[in-house]
Amino acid sequence: MAEAPIKAFVCGHPIKHSRSPLIHGYWLEKHGLQGSYEAVDIAPVDFPSFLRSLEELGYAGGNVTLPHKEAAFRHAEKLDGAAERIGAVNTLWLEGGHLCGSNTDAYGFAANLDQQLPGWDSARTAMVLGAGGAARAVVHALQERGFDEVRIVNRTQARARDLQMRFGGSTSSHGWDEIEKLLPSTDLLVNTTSLGMAGSALLDISLDGLPDHAIVSDIVYVPLKTRLLKDAEARNLRTAEGLGMLLHQAVAAFERWFEVKPEVTDELRQRIVHDLGG
Ligand code: ATR
260 MAEAPIKAFV CGHPIKHSRS PLIHGYWLEK HGLQGSYEAV DIAPVDFPSF LRSLEELGYA
320 GGNVTLPHKE AAFRHAEKLD GAAERIGAVN TLWLEGGHLC GSNTDAYGFA ANLDQQLPGW
380 DSARTAMVLG AGGAARAVVH ALQERGFDEV RIVNRTQARA RDLQMRFGGS TSSHGWDEIE
440 KLLPSTDLLV NTTSLGMAGS ALLDISLDGL PDHAIVSDIV YVPLKTRLLK DAEARNLRTA
500 EGLGMLLHQA VAAFERWFEV KPEVTDELRQ RIVHDLGG
């Protein structure tokens, strides 16, 4: 008897702007798999009952996005190390009827840099702008890669301090007014705030103080090339754009449900860029 197609979902509220169905649909087709990946809009109040009905709905697992990542963390019966450290779940799957959770954002961040700038992790000192969920994933990735110093800089310094308490070790916390002073000793700068995203304010910092060998990475991908990345290129610094993190976090999730490790190809990248109107 032929095996039933594997079903996966992405759930959020709202969900219509998610590019995940396009990414996973591309890989399903590429690998000739019978599975499906569909977007479902679930309001926060309905999220717990949605999770309880996954088996009945025939899902092997799925992605969760805003605003459900923390709730998914609380509801998962088993968590992997990354989800535990980050405190949020973006990937769920069922194992023997138990709900398991992972966070593939940290993997996605590091794998994107591995692909775009091999050897990037020989950098020692990183500055992470922002202290939200995305910052937690990036800080976890940088600690995993053994960075000596991870400086968390946030407008609301108390949130940066919370992250420092959470991750300890190589992390330190700083206010926005310290950026200029810290830049000359920064090898890798990562923006995890929403600044620079279409519809948000610009990230208005001068990169003059960064050393010539510095790498600049943005997790914002609309627009593809943010003002931060343009400024970095104007200074001849190496850069990594945010779309890659979105694509690579999906690799680890796809592999979890469909048991095939897909590739982030230029063709896939182009399709998403086209869909974003670029
Ligand atoms: P996410 O979980 O996606 O990272 P978040 O928790 O809302 O989102 O975090 C957004 C980040 O962008 C925060 O670090 C936020 O700074 P505050 O903690 O001070 O709010 C940062 N951010 C948003 N708008 C900003 C602005 N105008 N200037 C500086 N930082 C900003």
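Per my numbering, the very first residue in the sequence shown carries number 260; after that it's consecutive.
Every residue gets a Cβ at the ideal spot worked out from N, C-alpha and C, and that includes glycine.
Query                                                                                                                                                        : Result
What number of angstroms, rounded off, separates the C-alpha of Met456 from the C-alpha of Val449?                                                           : 14 Å
Quick check on the burial criterion: 16 or more other C-beta atoms within 10 angstroms. Buried or exposed for Ser476?                                        : buried
Closer than 6 Å by C-beta to Leu506: which residues in its own chain qualify, once you throw out the five before and the five after it? Chain order, please. : Val523
Could you spell out where the alpha helix (DSSP H) holding Phe541 opens and where it closes?                                                                 : Examination of residue 541 is not possible in this model, given that the chain is present from 260 through 537 alone.
Could you check whether the Cβ of Arg278 sits closer than 7 Å to any heavy atom belonging to the ligand ATR?                                                 : no
On the DSSP letters alone, give me the boundaries of the beta strand (DSSP E) that Arg414 sits inside.                                                       : Run containing Arg414: none; DSSP gives neither H nor E here.
Less than 8 Å between the beta carbons of Phe368 and Val397, yes or no?                                                                                      : yes
Compute every distance between the C-beta of Ala365 and the non-hydrogen atoms of the ligand ATR, then say whether any falls below 7 Å.                      : no
Between Ala460 and the ligand ATR, is the CB less than 7 Å from at least one heavy atom?                                                                     : yes
Looking only at DSSP bridge pairs, what is Arg497 linked to?                                                                                                 : Ile474
Would a C-beta distance cut-off of 8 Å place Ala330 and Phe309 closer than the cut-off?                                                                      : no
So for Gly367, helix, strand or coil by DSSP?                                                                                                                : helix
Report all residues for which the CB-ligand distance to some heavy atom of the ligand ATR is below 6 Å; order them along the chain.                          : Gly389, Ala390, Gly391, Gly392, Ala393, Ala394, Asn413, Arg414, Thr415, Arg418, Thr451, Thr452, Ser453, Leu454 and Ala460
Under 7 Å Cβ to Cβ from Gly392, same chain only, skipping five residues before and after it: list those, please.                                             : Lys328 and Ala347
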